[in-house]
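First residue of the sequence shown: 9, per our numbering; consecutive thereafter. Worksheet: the structure to be examined is printed underneath.
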Amino acid sequence: MPLISAVTPFYQTYTLKPTEANPSLFQRVVDSNTPEGESIRNTWKAGTIWHTVDVLAAAEHGSLDRQDIVRQISKWELQGLCEVKVHGLRSRYSILQPLPTSEAELDQLATALYDQMAEREEADVKRLKGVADFVRSGSCETALLLSKPSASLTPAASSGYAHSLALYFGDETGVPKGECGHCSYCKTKKALSFKPSGNGELPDVQIRTVLDVCGVRDDARFLARLAFGVHSPRVTALGLSRHDVFGICKDADFIQLLERFEAECAAAGYTNKAALAPPKKTRGKIGDDDSGKGAGPKKRASPKDAKRARAPTKKSKTG
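In structure tokens:
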């Protein structure tokens with residue numbers, strides 16, 4: 009049984025401003041003496057035009073329900089007192105059962121989550137390859153989509169994508185003589201020239217570069233995603249999303265890339281190195297210098313200033 013279940017998401021940030029038609033009506037928002045109105049005004053960030061409201065902070069300030077705050081803002085908008093924009097969509101989950109506490113149960117849960125993510129990712133890769141096969145099929149696209157499904161999106165067979173479409177439309181005879189007459193193949197009698205990336209050989213030099221830069225050895229999929237150029241929270245946290253190794257193997261086959269990094273992680277005993285990533289580059293603050301006195305960066309002298317500095321000064325005559 010799953011631990012959590014997704015429920016309806018909500019927007020956390022609301023921005024309000026006076027209406028262009030009658031901006032004076034916004035004063036009624038400012039003067040609102042309801043508990044919700046007072047909580048909103050006491051917590052919003054007032055700007056020159058827009059006023060930003062965090063509905064969670066407003067609800068907590070007045071010991072109110074978040075929905076009461078949202079309802080009050082919606083009422084003001086419906087009354088024409090203000091214009092409203094929403095931001096910051098937040099996901100919500102309902103807890104179905106408590107988190108396991110034993111080490112064995114936690115390992116089982118982590119394995120199940122990892123397997124689910126891996127299956128979904130591999131299914132996405134296969135789906136994209138199926139689309140590429142469909143584009144290069146060399147036959148009537150319409151007839152192929154409505155044909156009797158089989159194994160892949162080639163003229164001899166069709167994949168799960170075509171299978172779903174065939175079941176949805178439920179018409180295997182909708183294309184007379186197997187040609188619709190209006191798709192790209194029927195018009196040109198030529199398959200589209202399309203060479204998707206991701207079919208290249210594994211570049212050993214680039215793989216070694218990834219392994220030298222990144223010390224992660226407990227997650228082969230993370231290394232494969234890093235080399236392939238797929239963003240993830242861990243990539244961002246380690247500061248690798250802007251590193252040269254990000255996407256360095258973008259033309260390689262992802263599955264083969266994953267298998268290679270799995271072998272590398274197994275050889276390392278799934279033990280991370282001391283440094284998981286290079287130190288992040290930081291810019292020096294303005295005012296820092298070698299003496300530590302905050303004198304600021306030295307200004308380079310212009311040619312005119314340099315000439316003036318070399319010129320002899322005239323002695324003043326004394327009376």
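In this text, a Cβ means the ideal position worked out from N, Cα and C, and glycines have one as well.
Name, in chain order, the residues that DSSP records as bridge partners for residue i.
i, result
"Leu210", "None, per the DSSP bridge assignment."
"Thr21", "Asp62 and His95"
Taking only three categories from DSSP, how would you classify residue i?
i, result
"Val133", "helix"
"Thr217", "helix"
"Pro305", "Only weak support is given to the placement of Pro305: the predicted model assigns it a pLDDT of 46, under 50, and the value that follows is read from those uncertain coordinates. Coil at Pro305, not helix or strand."
"Tyr122", "helix"
"Val15", "strand"
"Lys53", "strand"
"Ala232", "helix"
"Ala260", "strand"
"Lys195", "helix"
"Pro10", "coil"
"Leu72", "coil"
"Asp297", "Any reading at Asp297 needs caution, since the residue's pLDDT is 44, under 50, leaving its predicted position unreliable; the model's value is listed next. Looking at Asp297 - three-state DSSP - the assignment turns out to be coil, as it is neither helix nor strand."
"Asp141", "helix"
"Pro286", "coil"
"Glu272", "helix"
"Met266", "Note that residue 266 is Leu in the sequence shown here, rather than Met. DSSP places Leu266 in helix when its eight states are reduced to three."
"Ala245", "helix"
"Phe254", "coil"
"Ala67", "helix"
"Ser240", "coil"
"Ala170", "Residue placement at Ala170 cannot be trusted, given a pLDDT of 38 that sits under 50; what the coordinates show is reported in the next sentence. Ala170 falls in the helix class under three-state DSSP."
"Ser47", "helix"
"Pro31", "helix"
"Val224", "coil"
Is the beta carbon of residue i sitting closer than 8 Å to the one on residue j?
i, j, result
"Val243", "Leu231", "no"
"Pro241", "Leu104", "no"
"Gly223", "Ala282", "yes"
"Thr23", "Lys93", "yes"
"Leu248", "Ala285", "yes"
"Ala63", "Arg49", "A small correction: the amino acid at residue 63 is Val; Ala does not occupy that position in the sequence shown. Cβ atoms of Val63 and Arg49: not closer than 8 Å."
"Ala328", "Leu210", "Past the boundaries of the shown model lies residue 328; the chain is included only from 9 to 327, so the question cannot be answered."
"Ala66", "Ser40", "no"
"Cys273", "Asp226", "yes"
"Tyr19", "Gly96", "yes"
"Thr21", "Thr60", "yes"
"Ala228", "Phe269", "yes"
"Val221", "His251", "yes"
"Pro17", "Arg100", "yes"
"Val37", "Cys90", "yes"
"Ser102", "Ser13", "yes"
"Pro3", "Leu114", "Examination of residue 3 is not possible in this model, given that the chain is present from 9 through 327 alone."
"Ile77", "Glu130", "no"
Any heavy atom of the ligand MG closer than 7 Å to the Cβ of residue i?
i, result
"Cys90", "This structure simply doesn't include the ligand MG, nor any ligand for that matter."
Evaluate contact between the region 119-132 and the region 23-37, counting only Cβ atoms and requiring at least three cross-stretch pairs below 8 Å. no
Taking only runs that begin and end inside the region 76-127, name each unbroken beta strand (DSSP E) of 3 or more residues, in chain order. Fully enclosed beta strand (DSSP E) runs of 3 or longer: 91-103.
Per the contact definition of three or more C-beta pairs closer than 8 Å, is the region 64-73 in contact with the region 82-91? Because the criterion of three Cβ pairs below 8 Å is not met, the region 82-91 and the region 64-73 do not touch.
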